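Q: Below you'll find the structure I mean.
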Amino acid sequence: MPTTLFARRLREAIGLSPEDHGALKSLRVTERTIGNRELLCREGDVARHCTVVISGFLAKYKIIGDREQILALHVSGDFPDLQTLQLRTLDHNIISIGRSRIGQISISELQGLLDARPSLAHVFWRETLIEAAIFREWVCNVAARDASGNIAHLICELAARLEAVGMVQDDSFQIPLTQQDIANASGISAVHVNRTLRDLRNRNLMSWENRTIRLLDFDGLKKVADFHPDYLHLGLRDRPHR
Amino acid sequence: MARYYFYLDGTRPYLDEDGIELADDGSAWQQAKRFVRDIEGDFQPGEQWRLEVLRDGRPIFLLIVDSRKLE
Chain R
1 MPTTLFARRL REAIGLSPED HGALKSLRVT ERTIGNRELL CREGDVARHC TVVISGFLAK
61 YKIIGDREQI LALHVSGDFP DLQTLQLRTL DHNIISIGRS RIGQISISEL QGLLDARPSL
121 AHVFWRETLI EAAIFREWVC NVAARDASGN IAHLICELAA RLEAVGMVQD DSFQIPLTQQ
181 DIANASGISA VHVNRTLRDL RNRNLMSWEN RTIRLLDFDG LKKVADFHPD YLHLGLRDRP
241 HR
Chain G
243 MARYYFYLDG TRPYLDEDGI ELADDGSAWQ QAKRFVRDIE GDFQPGEQWR LEVLRDGRPI
303 FLLIVDSRKL E
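Protein sequences, first through last, are from chains R and G. Going left to right, the first sequence walks through residues 1 to 242 as the working numbering numbers them. Going left to right, the second sequence walks through residues 243 to 313 as the working numbering numbers them.
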C-alpha cells in the first residue's frame, strides 16, 4: 500500500487510530515510477496532486545563479509537497535522485478527507511542522556547522529517517546521491565534500562505497555532527539503539 | 566536459585522486572559489594554503591564501 511506510512512521511516533489508518488506506493513489533526475514538478507549477514517496529519494531544489541548491531530501514514507494543500503554486522544483516509486493523490480528495477527519488533518499539519524543524537544522548545517559536522549531520539525519521506515540494515543503508548532491545540499564545494568524506572514513566513522553508506561508528559520527534526533519527532527516544 | 583535479598544498595538504568532471574552466574556477570558503574550519593564523587546479594534468589556476601571526 502506498501509504504504508507513512502510517508506520506515524504509529511509531504518535500512534494512529484504526479509523484514521483505514481512511489513509482508502485514498486513491496513482502509482508511478520516475527516473533518475526526472522532474516531478517545477517552480511555478500549480499543483493538483499530493505525492507520497513509496521508494527512492526526492529532492527539493532551486537554481540560484549557477548553483543548484538542494533544499530538502525526502525518503520513503514522506509527503514532500504537503504545502500544496494550502499553497498551490510551487516555489521550488522537485526531482528524483535515482529511480523512485511515488504515489499521487488528488489534492481535492486529500483535502476532502482532512476536512472530514480533523485528527488526520492534525497528523498532516504535524508533518509540515516537522519539515520546518528539519529546515531549521539545515540552516544550521549550511551556515554554522563546519564541513565535517555539516556532512556528518546530514548522514545521521538520513540514517534516522531511513531507520524509521525500516531501510537501515546492519548499520548500513543505500543512497543514490552523488558527492555533488551532498555539495548542493550542504553548501560545501564538491572537492571539500570528497576530502571530508575521506576524513570521516579515515577516522572510522563512516564509509561510502558505491551506493552503500556504512555507519562504522554511529555514536562517533553523531558526536562529530552534534546530532540529536529529537527534532525529527520519530519517537526514537524510547527505542533501543540498534 | 573535462576532468579537473584540485591539489591543496600547505599546512594540511590534500591530493584529490578522483578528480571531478566539470563543464568547463569557468566551472572549475567556481569550485575553486567555493573551496576557499571551505578551508575555514582548518585554517590557523600563520598557515598557508595553495590550491592548484589542473585540467588533464595541466595546471590552469592557482589560488594562494597566506596569513601571518603578527604578535
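Virtual Cβ for every residue (Gly too), placed ideally from N, Cα, C. Given the structure is predicted, the values throughout are model-derived calculations rather than measurements.
Would you tell me roughly how many angstroms separate the C-alpha atoms of R:Ser108 and R:Arg48, rounded to the nearest one?
A: Locating residue 108 of chain R in the first sequence gives position 108, counting from the first residue. Locating residue 48 of chain R in the first sequence gives position 48, counting from the first residue. Approximately 8 Å, taken between the alpha carbons.
Q: Do the segment 123-135 of chain R and the segment 196-208 of chain R make contact, defined as three or more Cβ pairs closer than 8 Å?
A: With the cut-off at 8 Å, the segment 123-135 of chain R and the segment 196-208 of chain R do not touch.
Q: Quick check on DSSP: helix, strand or coil for R:Leu232?
A: Numbered from 1 along the first sequence, position 232 holds the residue referred to as residue 232 of chain R. If DSSP states are grouped into helix, strand and coil, R:Leu232 belongs with the helices.
Q: DSSP three-state call for R:Ile134: helix, strand or coil?
A: Locating residue 134 of chain R in the first sequence gives position 134, where the first residue counts as 1. Residue state, collapsed to three classes: helix.
Q: Taking DSSP as the reference, what is the three-state secondary structure of G:Asp308?
A: The residue labelled residue 308 of chain G in the question sits at position 66 within the second sequence. Of the three classes helix, strand and coil, the one that applies to G:Asp308 here is strand, per DSSP.
Q: Pull up the CB-CB distance for R:Cys156 and R:Ala225, whole angstroms please, since I reckon it's below 8 Å.
A: On the first sequence, residue 156 of chain R is found 156 positions in, with the first residue counted as 1. On the first sequence, residue 225 of chain R is found 225 positions in, with the first residue counted as 1. About 5 Å; that satisfies the 8 Å criterion.
Q: Excluding the five sequence neighbours on either side, which residues of its own chain have a C-beta within less than 6 Å of the C-beta of R:Ile188, listed in chain order?
A: Looking up residue 188 of chain R in the first sequence gives position 188. So the qualifying residues of the chain are Ala147.
Q: Less than 8 Å between the CB atoms is what I'm expecting for R:Thr3 and R:Val52, so what's the real figure, rounded?
A: The residue labelled residue 3 of chain R in the question sits at position 3 within the first sequence. The residue labelled residue 52 of chain R in the question sits at position 52 within the first sequence. About 6 Å; that satisfies the 8 Å criterion.
Q: So G:Gly252 contacts chain R; which residues on that side make the cut at Cβ distance below 8 Å?
A: Against the second sequence, residue 252 of chain G aligns to sequence position 10. Within 8 Å Cβ-Cβ: nothing; G:Gly252 doesn't reach chain R, min ~13 Å.
Q: Do you know whose CA, among R:Ala164, R:Leu85, R:Asp171 and R:Arg37, lies nearest R:Leu10's CA?
A: Numbered from 1 along the first sequence, position 10 holds the residue referred to as residue 10 of chain R. When only C-alpha atoms are compared, the closest one is R:Ala164.
Q: What does the alpha-carbon distance come out to for the pair G:Ile302 and R:Arg211?
A: Start at 1 with the first residue of the second sequence, and residue 302 of chain G comes out as number 60. Start at 1 with the first residue of the first sequence, and residue 211 of chain R comes out as number 211. Going from the Cα of G:Ile302 to the Cα of R:Arg211 covers about 32 Å.
Q: Within the same chain, show all residues whose beta-carbon is closer than 7 Å to that of R:Asp91, passing over the 5 residues directly before and after it, in chain order.
A: Reading the first sequence from its first residue, position 91 is the one you call residue 91 of chain R. Answer for R:Asp91: Glu43, listed in chain order.
Q: Could you confirm whether any beta carbon from chain G is found closer than 9 Å to the beta carbon of R:Phe227?
A: Here residue 227 of chain R is taken as the residue at index 227 of the first sequence, counted from 1. False, the Cβ-Cβ gap to chain G never drops below 9 Å.
Q: For R:Ser204, which residues from the same chain have a beta carbon less than 7 Å from its beta carbon, with the 5 sequence-adjacent residues on both sides left out?
A: In the first sequence, counting from the first residue as 1, residue 204 of chain R sits at position 204. For the sequence presented, residue 204 of chain R should be read as Asn rather than Ser. Around R:Asn204: Leu216 and Asp217.
Q: Is G:Glu259 buried or exposed, if buried means 16 or more other CB atoms sit within 10 Å of its CB?
A: If you number the second sequence from 1, residue 259 of chain G lands on position 17. By the 10 Å Cβ count, G:Glu259 comes out exposed.
Q: With three or more beta-carbon pairs closer than 8 Å as the criterion, would you say the segment 61-79 of chain R touches the segment 25-40 of chain R?
A: Touching, no, given that fewer than three Cβ pairs across the two stretches are closer than 8 Å.
Q: Figure out for me which residue from G:Ala244, G:Gly252, G:Tyr246 and G:Arg245 has the closest Cα to the Cα of G:Ile306.
A: One-based indexing of the second sequence puts residue 306 of chain G at position 64. The shortest Cα separation from G:Ile306 among G:Ala244, G:Gly252, G:Tyr246 and G:Arg245 belongs to G:Gly252.
Q: Which same chain residues, not among the five before or five after G:Asp298, have their C-beta less than 8 Å away from its C-beta?
A: One-based indexing of the second sequence puts residue 298 of chain G at position 56. Here the set comprises Ala244 and Arg245.
Q: Taking DSSP's pairing of strands, which residues face R:His49 in a bridge?
A: As a first step, residue 49 of chain R must be located in the first sequence, where it is residue number 49. According to DSSP, which records beta bridges pairwise, R:His49 is partnered with R:Ser106.
Q: Under the assumption that R:Leu27 contacts R:Leu113 (Cβ atoms under 8 Å), give the Cβ distance between them as a whole number of angstroms.
A: Reading the first sequence from its first residue, position 27 is the one you call residue 27 of chain R. Reading the first sequence from its first residue, position 113 is the one you call residue 113 of chain R. About 7 Å separates the two Cβ atoms, so the contact holds.
Q: For R:Ser55 and R:Leu110, what's the separation of their Cα atoms in angstroms?
A: Indexing the first sequence from 1 puts residue 55 of chain R at position 55. Indexing the first sequence from 1 puts residue 110 of chain R at position 110. Roughly 21 Å separates the two Cα atoms.
Q: Determine the closest residue to R:Val118 out of R:Met206, R:Ser17, R:Leu5 and R:Leu221, with distance taken between C-alpha atoms.
A: Sequence index remark: in the first sequence, residue 118 of chain R carries index 118 (1-based). Looking at the sequence itself, residue 118 of chain R is Pro, so the reference to Val does not match. Out of R:Met206, R:Ser17, R:Leu5 and R:Leu221, R:Ser17 has the C-alpha closest to the C-alpha of R:Pro118.
Q: Applying the 10 Å Cβ sphere with the 16-neighbour rule, what's the burial state of R:Val139?
A: For this step, residue 139 of chain R is matched to residue 139 along the first sequence. The residue is exposed, with fewer than 16 neighbouring Cβ atoms inside 10 Å.
Q: Taking just the CA atoms, how far does R:Phe135 sit from R:Ile94?
A: By 1-based counting over the first sequence, the position of residue 94 of chain R is 94. By 1-based counting over the first sequence, the position of residue 135 of chain R is 135. Roughly 16 Å between the two C-alpha positions.
Q: When you compare each of R:His21, R:His153 and R:Gly65 to R:Tyr231 by their alpha carbons, which one comes out closest?
A: For this step, residue 231 of chain R is matched to residue 231 along the first sequence. Nearest option by C-alpha distance: R:His153.
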